[in-house]
Each structure stands twice: as C-alpha cells, then as structure tokens.
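Asks: Just passing along the structure, written as structure tokens.
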Amino acid sequence: MGRIWRLIRVFTVGAMLVGGGSVGIASAQEDDGPVVFTIGSTDEITTLNPLKVYLASEYYILAWSYHLPFSFAPEDLSAVPDLATDVEVSEDGMTFTYTLQGGLTWSDGQPMTAEDMAFTMQMYQDSHAYIFSGYLTLMDSIEAVDETTVVLRSKQPTSLYAGNYLYAYVLPKHVWEGFDRPKQFENYPNVGSGPFLVEEWRTGEFIRMVRNPEWSGPEPYIDEVVWRYFKSQDAVAEALKAGEIDFAYFTAPNIFNSVKDEPNIETMVGVLPSFDEIGMNTGSAYQDPDGAFVPHGDGHPALTDVMVRRAIRMAIDSQQLSEKVYLGYAPPGDTIVPPVTIAGARWEPPEEERLAWDIEAANALLDEAGYLDTDGDGVREMPGGGQPLEFRYFVRTSDQTTIDAAPFVQSWLEQIGIKTEVTAMSSGRLGDVINAGEYDLFDWGWIPDIDPNSILSYFTCDQRPPDGTSYGNNDAYYCNPAYDELFLQQQSELDPQRRLEMIHELQRIFYNDAAYVVKWYSPLLQAYRTDTFTGYIPQPQPEGDLLSGYSRDAILSIRPVGLDVGGGDAGAGGEDEGAGPGTGAETRGVSAGVWIGIGAGVVVLVTAILLLRRRRTGEDEA
Amino acid sequence: MRGYLIGKVAQALLTLAFVVVFNFFLFRVMPGDPAALLLRGSAAFNPDTLEQVRVDLGLDRPLPAQFVTYLGDTLRLNLGDSFFARGRSVNTVIAERVWPTLLLVGTSTIASAIIGLVIGIYGGWRRGSAFDVGSLGFTLFVYSMPEFWFGILVLMAFAGGVGPFPAIFPTGGYETPAAGLTGLSHWVDVLNHMVLPFFVLTVAYLGEYAIIMRNSLIDIMGDDFITTARAKGVREQQVLWRHAVPNALLPTMTLTILSLGFVFGGAITIEYVFSWPGLGWLTVQAIDAKDFPLLQGLFLLFSAAVILANLVADLLYAYLDPRVRAG
Chain A
-3 MGRIWRLIRV FTVGAMLVGG GSVGIASAQE DDGPVVFTIG STDEITTLNP
47 LKVYLASEYY ILAWSYHLPF SFAPEDLSAV PDLATDVEVS EDGMTFTYTL
97 QGGLTWSDGQ PMTAEDMAFT MQMYQDSHAY IFSGYLTLMD SIEAVDETTV
147 VLRSKQPTSL YAGNYLYAYV LPKHVWEGFD RPKQFENYPN VGSGPFLVEE
197 WRTGEFIRMV RNPEWSGPEP YIDEVVWRYF KSQDAVAEAL KAGEIDFAYF
247 TAPNIFNSVK DEPNIETMVG VLPSFDEIGM NTGSAYQDPD GAFVPHGDGH
297 PALTDVMVRR AIRMAIDSQQ LSEKVYLGYA PPGDTIVPPV TIAGARWEPP
347 EEERLAWDIE AANALLDEAG YLDTDGDGVR EMPGGGQPLE FRYFVRTSDQ
397 TTIDAAPFVQ SWLEQIGIKT EVTAMSSGRL GDVINAGEYD LFDWGWIPDI
447 DPNSILSYFT CDQRPPDGTS YGNNDAYYCN PAYDELFLQQ QSELDPQRRL
497 EMIHELQRIF YNDAAYVVKW YSPLLQAYRT DTFTGYIPQP QPEGDLLSGY
547 SRDAILSIRP VGLDVGGGDA GAGGEDEGAG PGTGAETRGV SAGVWIGIGA
597 GVVVLVTAIL LLRRRRTGED EA
Chain B
5 MRGYLIGKVA QALLTLAFVV VFNFFLFRVM PGDPAALLLR GSAAFNPDTL
55 EQVRVDLGLD RPLPAQFVTY LGDTLRLNLG DSFFARGRSV NTVIAERVWP
105 TLLLVGTSTI ASAIIGLVIG IYGGWRRGSA FDVGSLGFTL FVYSMPEFWF
155 GILVLMAFAG GVGPFPAIFP TGGYETPAAG LTGLSHWVDV LNHMVLPFFV
205 LTVAYLGEYA IIMRNSLIDI MGDDFITTAR AKGVREQQVL WRHAVPNALL
255 PTMTLTILSL GFVFGGAITI EYVFSWPGLG WLTVQAIDAK DFPLLQGLFL
305 LFSAAVILAN LVADLLYAYL DPRVRAG
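Here the protein sequences come in this chain order: A and B.
Under this note's numbering, the first sequence has 92 at position 96, and the numbering climbs by one with no breaks.
The number in this note's numbering is simply the position in the second sequence, starting from 1, with 4 added.
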C-alpha cells in the first residue's frame, strides 16, 4: 500500500455525554429480510478499478471480490494458497511456476483459468497500474502454459515471487481485454471471483456488496455488506451508539474513547503495518546531480549533517508523544519496518544503538559537532557562526495527530537550541513542497506492505523527487550508496535467512542516518456492537484488523449474534442470546403518518392566516 | 425597459464567458502536479508511469492545445473526467450531488428567509418591545454561532440521544443504505434524514434575514410616507403590510435571491457533520485532490448559478422599483 491518505481526520470534539439506545426506529425490516452487515467509516473509496486503487479502504473491496495468487494468513500474514496452490522456483531463482486451483468460476459464469492470472499481471505491468505494477518491476514475462499453470520469469534472481509479495488481485480476462486504456474502465458493478461483489455505489453515501452466486468457497453467514461513509468521526460514533452501524473504524483517539464505555459496544486497538514520521530534508539542494536528479529546493544546510539529525531524533520522545497525542494507543516508533511484517524482518535497535530520548546527550552532540549558540539568543548557529538553526516544520490539516504533536516536538527542539516554525497545510500542498525541496521538517506517514521490500525501496537515491516538480517516494532526499547497493542485493538474494539479515542491516543504516524520526506505529481503532454480529477474525492475531483486510477470512466468519454455527466461536465478539437485532437495514425517524400530519398542519395554519388577513383587509377597505 | 433587459442579459452572458476562460487558467496556475499526487506512495512510481498518468489525464499536451479542447468541450457541456473520482465523468459526479444539495440547502434557505423576514418585520415594527429584544438577541446569537458546533450538538441530542433528548433521527446521510425503499417510504426516509441538517441550516441562516429586515424596516418607519399614511388614518396593520414592508423588502429580496444563487455551493460544514452528499464537501475533496476538471465544472456551476441569480435580482428589482429601470 502506500502513503497514508486519510482525507478526513479533522474535527474532534471532546468527551461526549453518555446516552444512546435507538429509540424511534419507525420501521424495521421483517425478520426474513437479508442479513446486512454495516460498516461505518470516514474513508470513502475513490475507484473500483484495481489499476487505480491506492486507498487502504479500497483494499477491502478487492479482498472480498477477487483472488490473489497467494493470500495472507489471519494469524501472522504469512503466505497461504489462494488462486495458486503451489509455486516452484527454478534453481537460478528466475523462473516461477504457479499451480492454480482449477474449477473456479467468475461471477458471470465464465471459468477462471491460468489465462486470467497471466493476462492480469501483464495488464498491470503494461498499463502502469498505480500500485500493482510496483510488484512487477522484476517481472520479465508471464504466460499460461495450460489451464492451471502459470510461468513467471524474472529479470534477475529473486525470492520475492515465491510468496505473497505479489499482492496483486487477479481479474477476469474476458472482461478486461480489449480496452485501449483499461484505467478508464469504471468496473461497476464488478465481475469477480470472491464471495461479495459491489452491487450499488452511491458516491458520498455508501457501497453495497451482495453475495456472488458463483462463489464456491465456505458460504458466508451474511447476505450483504454495506460500507456507510460518514464525513465526521463524531457522526460515526453516534451512528454506532444508535445501532445504525455494526462496526466502525476511528482515527481520532478521543472520539474512539467516547464509545468505549457505551453499552453493547466493544472496542479493540489493532496493530497494522503503519507508521507516522517526522521527515527531514537531508539535502535536496546540496546533493550532486545524479541521473534524473538535479539539486533543487532550499532546505537548511544543517540537516545534511547526520549529527544534527541524530540530535533531533534524541530530542523527540516517542513514548510521550504516543501517550499525549494518541492517548497511549500507538506503540512508540523506531525503525521503518513496523511490528506487522513478514516473520523476522523487523530489526529493533539494540540498547547501545538506540537513539533514546536524552536532551542532554543531544545538546552534547550538537556542541561537539560545532553548532554553538554564539550570540546568546538561545538558538544555535552553524559551525563558525552564521545561519541559525531555524527550521520550517510542516504538519497536515487532514491529520489532527500531526498538529497535536507539533507543540511537543517544538518545545523539545527548543531545548536543544533549535527553533522551528510550524505551518499546517493540506496533504496535497505538502506533497508539492516536498517535491520542491522547500522544507526542513514535515510530519507524514506510510502504510508499508507486509514484505519490507517496498518500504525499503522508497529510500534509494533514484526515488528522490528529481527536479522540483515531479514526485518521488524518497521524501527525505535520503541518498546513501551503501544502502542502495545492499537494497539491490537483498532483492536478488535467494536464501531467505540471508535476505532477512540484509533487511536488518538496511534498517540499521537508515535508523542511524536518522533521515526519519519514526514517531509511532499508528494503531487501528475499531469498535463494534456486541448485540448484532460476532465472528470477527483479527488479522494478524491476536490484535489486528477485525475485518482481516488482507484476506476474506473475517467476512466469511462474521454472523448474526445468536446464530448457531456449530464448531465453536471463532474470533472476538460478544455472545448474546436471542436473535440479533438490527441485522437488516433499518430506517430511523418518524413515520409517514407523522409527516403527512405535519404537512397537513402547515397547510391548515397557512390557510388560516391568509383567510384571517384577507377578512381583516376586506373589513378595512370596506 | 427592453433596453434594460437586453443590457442585463448581455452583461450576464459576458460574465459567464469570462468565468469559463478564467476557470481554465485559475486551476492551472495552482502549484504542483496532479499526476504525481495520484502516484504518491506507489511503489510503481517511475518516470514512465508518471508520463502514462499525464497522458491518462490529458496533461501531456501544451497549454494552448488543452485550452482549445477545454473550450470546445465546455461549450458542448462535456466537462471531462474527474481525476479524483477516477474514471467517472464530471457531469455524473456533479449530477449525483445536485439534487441532495438543492433539496437541503434550497429548502432551508427558503424556510430561513420566510421565518427570518417575519421575525424581522415584527421586531422592527414593535421596536423595543419584549419580542424585539428577545428576537434580536436570538437572531444575533444564531447569526454568530458556528454552524458545525450547533450541528454536532443537534446530532448528539437527536440522533445519538442525550439525557432527555430522544434519539429519533438518523445520524446522517441522504437515505438508509441497502434498505431498498421505493415510493412513499423512500421519501419519508429522505425526509427523516433531512430533518436535522435542515433544522440546523434554517436556524443558522435565519439570523441574517431577520437582522437585515429589522434594520430595513426601522429605516422605512421614519420616512415621510409612513407618517402621511398614518395621518390619513390608515390602520396600523395596513401601514405595516401595505406601505412599510414592500419598501423595506427591497434590500432583503436582493439578499434572498443572491442566497438562492449560492445554494449550489452547498453547506460545507453541515454536509460534513451530517454526512450529506452535497456539492460543498465535494468541492473540498476536489481542491485537495487538485481535480482540475471537477473544480472547473463545480466553479462553472456555482458561477452560473450566482450570475443567474444576479440577473433575476436585477430584473425583479426593476419590476418592483420603477426608479431602477428609469435610471
């Protein structure tokens, strides 16, 4: 996945009063209506075309509509068979032979074959699919050799295609072939192979997914999934309390807290592969031209010095930030590979290498490096006097936590003689400023893939924004040839253990060069009603995404409370006897009779006033 | 009168033409590259992909060529494809939101104008009375109150339910998703969804009308023709409704009609609080995504509505006040 692009995380209102219960449900659907599971969220999807997805919320739709070559286990996100049951890797690590499960059918009745997979991957690569072509940069060719066998050849030896690194959903060839520009295809309603397909999308309102009649896997317990899109987090909280929705994601910790103690609501803080960082301009204006890269921008020269960056890392207390800003929900951060990743890939800085919070040591580091406060104004200057250490520090209006963190960071930096000027701007604007290299510090975040290859790839020299107007992933302008070389090596390393060691070393280099201060690993704030549905499956376990967004496990397991499924209770969720109320779509408000009454009342009133006035006027003129 | 009419219509058309041209350049001088924005965070990022995206978005051609295409398309009312709601045309994206916007903002503008004017009339007429003091305090309060704050309170009280307030109404949206309602039950559902935002908007807007109407009426009340009317022995009700109000209505009418022009712009904060699928929040999203075609379409619609409202106000003014068409 990619940059955290949450459009709405703006208003937060303090503690809410206790109340709730859904009085006034005017008409509930009959008991034999469809079982509808409703999710509330503020992150509306923008597209159903897999070539163009980029929002985290769009992945749920994909995961429930399509197959992956290999999927993610709910327990630990390790690779499990999906469309492919097996893969064989050649001796040289350049040929991958996938064996597919046969007998699957697309929702329009066409058979699903190896042709579909080969075609889809080729299309992703040829049409530069926004996210999915990223996994195919090493692919040289792909072909279907028979109904159930696909052979992929890579440009260089690699182990990446042997597992679920190929996180790209397989599409029906017969639907997608023949487009000149497949990105223009709306793909709505979609033809898929998963258990649920999009039937109705009202932009700005909701998405309704219904069962795929051709789905041959385990039968779901629910008939429809509705994603209801709200604009404010407060409204999501109210809807959950009122029972209009069954499940909700929150991004504002204080609003999340407001539903915590409500009756019939359970909350869970999940971990997901995500972090927020304060990035630094390590030298967009001072680095040498290299390929497409030309020096540009006007970052502060002090930030090219690793000692200054390390002092900044040491002045910022991730623990306190998490407690004060995220109310303790976010684990403090260090390296760019988050706790949720492939087994063994994460490197934790050992005690002796940890750039722990230590204002005194940070000050000593700056003294030693020659950044002294020569004019006694409390702000250090460049070695030998001159330019003071005054940094621009940009936060994002769309992410309240970046704004809330700023005063803490600012005061810590002040204690080490660094002055900052905080400015809030839209994500779009900050993106431009970063591309232009016209910043010193910024606050943003990433949602890395499960395999660390992608997040590590962002910090190679060739990923720097090249010319002041174009985009590049490497928003810190971090460039270290040793890092680049090791990155390419790990990509071609066939021995998994050796590859993990290289991944550790890459993290160590990046951590010590301190281009990023990883503030925290962002939590997934989830809440659900215990009186409507149960059977959630956190991914990864025990505390992950309750809707298991990387696979379809949860959506096949979620069921109305009280439904006897046998075989015990899988996953979290309260058990409550009695039929689950609110499983159908309910309308709220006053009934038609009341509205007609109100309408009639208004008409009578207006007529009476008019008649009265006419009579009076008539009297007057008489 | 005919000359006046032709002049006003020509003026409106000229303004609209200017807006069409201005629109194109306005959004293109905004810094940054929308193609790059779409690729943010993608491991697929490379110059090839970027170029491909620029081609996809029609941004690869020189500006004058883009402008010519734009003009032709706009005249044919083809506003292009939105970048943000990718793959869908601007016409579709806007059309989906026009009706909910008109329904909510239109009705509450009209309701607030009627209620506001009545409050203003009675307050101004009985200046200094208990009603006047009370209503002036109330209207000043609602006029200066932040809409979204009031909106959240109303949402918590009547959708979430706090203390004695019953949780009756839906927490937001235009209709109940997946309920499959049709006919009367659909409209009842929409009405129920509309109650809270309509109430908040009406209360938030009415202050302006009441205050202007009151001041306008107080001005008129001091005029000679009112004194004359009273001297003639015309009943007080007659003085108010036949002599004072029609004259005092002129400035408030301009305000009302211009407000109707702004109805298309939606009500950003209220759409936000009540998750109403309106044009206001769509504009915010379009700006954030640098969605040129969508922004062009929205601004064209907004400008056209305001220009049209202006024209209507001008013409109506001329009809109501002979001095205008003579001058």
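The C-beta atom is built at its ideal place from N, Cα and C for all residues, glycine as well.
Please say whether residue 118(B) and residue 214(B) have beta carbons closer to each other than 8 Å?
Replies: Their beta carbons are not under 8 Å apart, which means residue 214(B) does not touch residue 118(B) by this criterion.
Asks: Anything in chain A within Cβ reach of residue 141(B), meaning under 9 Å, just list it in chain order.
Replies: Chain A residues near residue 141(B): none, gap ~26 Å exceeds 9 Å.
Asks: Verify the CB distance criterion: does residue 435(A) have a CB-CB separation below 8 Å to chain B?
Replies: Cβ-Cβ to chain B under 8 Å: no for residue 435(A).
Asks: Rounded to the nearest angstrom, what separates residue 407(A) and residue 69(B) at their Cα positions?
Replies: Cα to Cα, the separation comes out at about 52 Å.
Asks: For residue 199(A), which option in 372(A), 115(A), 43(A) has the closest C-alpha, if you only look at C-alpha atoms?
Replies: Ranking 372(A), 115(A), 43(A) by Cα distance to residue 199(A) puts 43(A) first.
Asks: If you draw a straight line from the alpha carbon of residue 401(A) to that of residue 317(A), how long is it in whole angstroms?
Replies: For residue 401(A) and residue 317(A), the distance between alpha carbons rounds to 7 Å.
Asks: Out of 202(A), 241(A), 336(A), 193(A), point me to the one whose CA is closest to residue 539(A)'s CA.
Replies: Of 202(A), 241(A), 336(A), 193(A), the residue nearest in Cα terms is 336(A).
Asks: In this structure, what does DSSP give as the bridge partners for residue 389(A)?
Replies: Answer by DSSP bridge pairing, in chain order: 418(A), 437(A).
Asks: By the criterion of Cβ-Cβ separation under 8 Å, what are the contact partners of residue 275(B) in chain A?
Replies: 227, listed in chain order.
Asks: Give me the subset of the stretch 145 to 160 of chain B whose CB atoms are less than 8 Å from a CB atom of chain A, sorted by chain position.
Replies: Of all residues in the stretch 145 to 160 of chain B, 152, 156, 159, 160 have a Cβ within less than 8 Å of some Cβ in chain A.
Asks: Ignore the nearest five residues each way along the sequence and tell me which others in residue 478(A)'s own chain have a CB closer than 7 Å to its CB.
Replies: Counting only Cβ-Cβ distances below 7 Å, and skipping sequence neighbours, we find 505.
Asks: Output needed for residue 183(B): all residues of its chain with C-beta closer than 8 Å, excluding positions within five of it in sequence on either side, in chain order.
Replies: So the list reads 193, once near-sequence residues are dropped.
Asks: To the nearest angstrom, report how far apart residue 403(A) and residue 382(A) are at their CA atoms.
Replies: Straight-line Cα distance between these residues: approximately 27 Å.
Asks: Nearest to residue 206(B) by CA position, among 247(B), 255(B), 143(B), 240(B), is which residue?
Replies: The residue with the shortest Cα to Cα distance from residue 206(B) is 143(B).
Asks: Whose C-beta lies closer than 8 Å to the C-beta of residue 95(B) among residues of the same chain, with five residues either side of it excluded?
Replies: Here the set comprises 81, 82, 83, 301.
Asks: What does residue 174(B) reach in chain A if we use C-beta pairs closer than 9 Å?
Replies: Those within 9 Å of residue 174(B) in chain A are 235, 238, 240, 583, 584, 585.
Asks: Thinking C-alpha only, which one of 144(A), 192(A), 283(A) is nearest residue 548(A)?
Replies: Comparing Cα positions, the closest option is 192(A).
Asks: Helix, strand or coil for residue 213(A)? Go by DSSP, reduced to three states.
Replies: Of the three classes helix, strand and coil, the one that applies to residue 213(A) here is coil, per DSSP.
Asks: With distances taken between CB atoms, is the gap from residue 128(B) to residue 221(B) smaller than 8 Å?
Replies: Yes; because the gap between Cβ atoms is below 8 Å, this pair is in contact.
Asks: Hey, could you find the ends of the beta strand (DSSP E) residue 263(A) is sitting in?
Replies: 261 to 267 is the span of the beta strand (DSSP E), which, as asked, contains residue 263(A).
Asks: Any idea if residue 138(A) is buried or exposed, counting beta-carbon neighbours within 10 angstroms, 16 or more meaning buried?
Replies: With 16 or more other Cβ atoms within 10 Å, it is buried.
Asks: Taking the alpha-carbon of residue 348(A) as reference, which of 535(A), 591(A), 508(A), 560(A) has the nearest alpha-carbon?
Replies: Nearest C-alpha to residue 348(A): 508(A).
Asks: Can you name the residues that DSSP bridges to residue 675(A)?
Replies: Nothing can be reported for residue 675(A), as the shown portion of chain A is limited to -3 through 618.
Asks: Would you say residue 303(B) lies against chain A (beta-carbon separation less than 8 Å)?
Replies: Answer no: the Cβ-Cβ gap between residue 303(B) and chain A never drops below 8 Å.
Asks: Could you work out which residues of chain A lie near residue 188(B), taking near to mean beta carbons separated by less than 8 Å?
Replies: Correct list: 588.
Asks: Run through DSSP, which three-state label would residue 343(A) get?
Replies: Here residue 343(A) sits in coil by DSSP.
Asks: So, are the CB atoms of residue 422(A) and residue 456(A) less than 8 Å apart?
Replies: Cβ distance not < 8 Å, so residue 422(A) and residue 456(A) don't count as in contact.
Asks: Where DSSP assigns a beta bridge to residue 79(B), which residues make up the other side?
Replies: Per DSSP, none; premise fails for residue 79(B).
Asks: Compute the Euclidean distance between the alpha carbons of residue 293(A) and residue 126(A), then round it to the nearest angstrom.
Replies: Spanning the two alpha carbons is a distance of roughly 27 Å.
Asks: List, from N- to C-terminal side, the alpha helix (DSSP H) runs of 4 residues or more that fit wholly inside the stretch 135 to 215 of chain A.
Replies: Qualifying alpha helix (DSSP H) stretches, in chain order: 169 to 172.
Asks: Might you give, ordered along the chain, the residues of its own chain that have their beta carbon closer than 7 Å to the beta carbon of residue 603(A), omitting 5 neighbours on each side?
Replies: Here the set comprises nothing.
Asks: Please decide whether residue 447(A) counts as near chain B, where near means a Cβ-Cβ distance under 8 Å.
Replies: Chain B contact via Cβ: absent.
Asks: Where residue 134(A) and residue 462(A) are concerned, what is the direct C-alpha to C-alpha distance, given to the nearest angstrom?
Replies: Approximately 22 Å between the Cα atoms of the pair.
Asks: Using alpha carbons as the reference points, say which of 325(B), 188(B), 212(B), 251(B) lies closest to residue 590(A).
Replies: With distances taken between Cα atoms, residue 590(A) lies closest to 188(B).
Asks: Going by the DSSP bridge assignment, what does residue 220(A) pair with across the sheet?
Replies: For residue 220(A), which the question treats as bridged, DSSP gives the partners 32(A), 206(A).
Asks: Please specify which runs of the beta strand (DSSP E), each continuous and at least 3 residues long, are wholly inside the stretch 237 to 314 of chain A, giving them in chain order.
Replies: Listed in chain order, they are 243 to 246, 261 to 267, 271 to 276.
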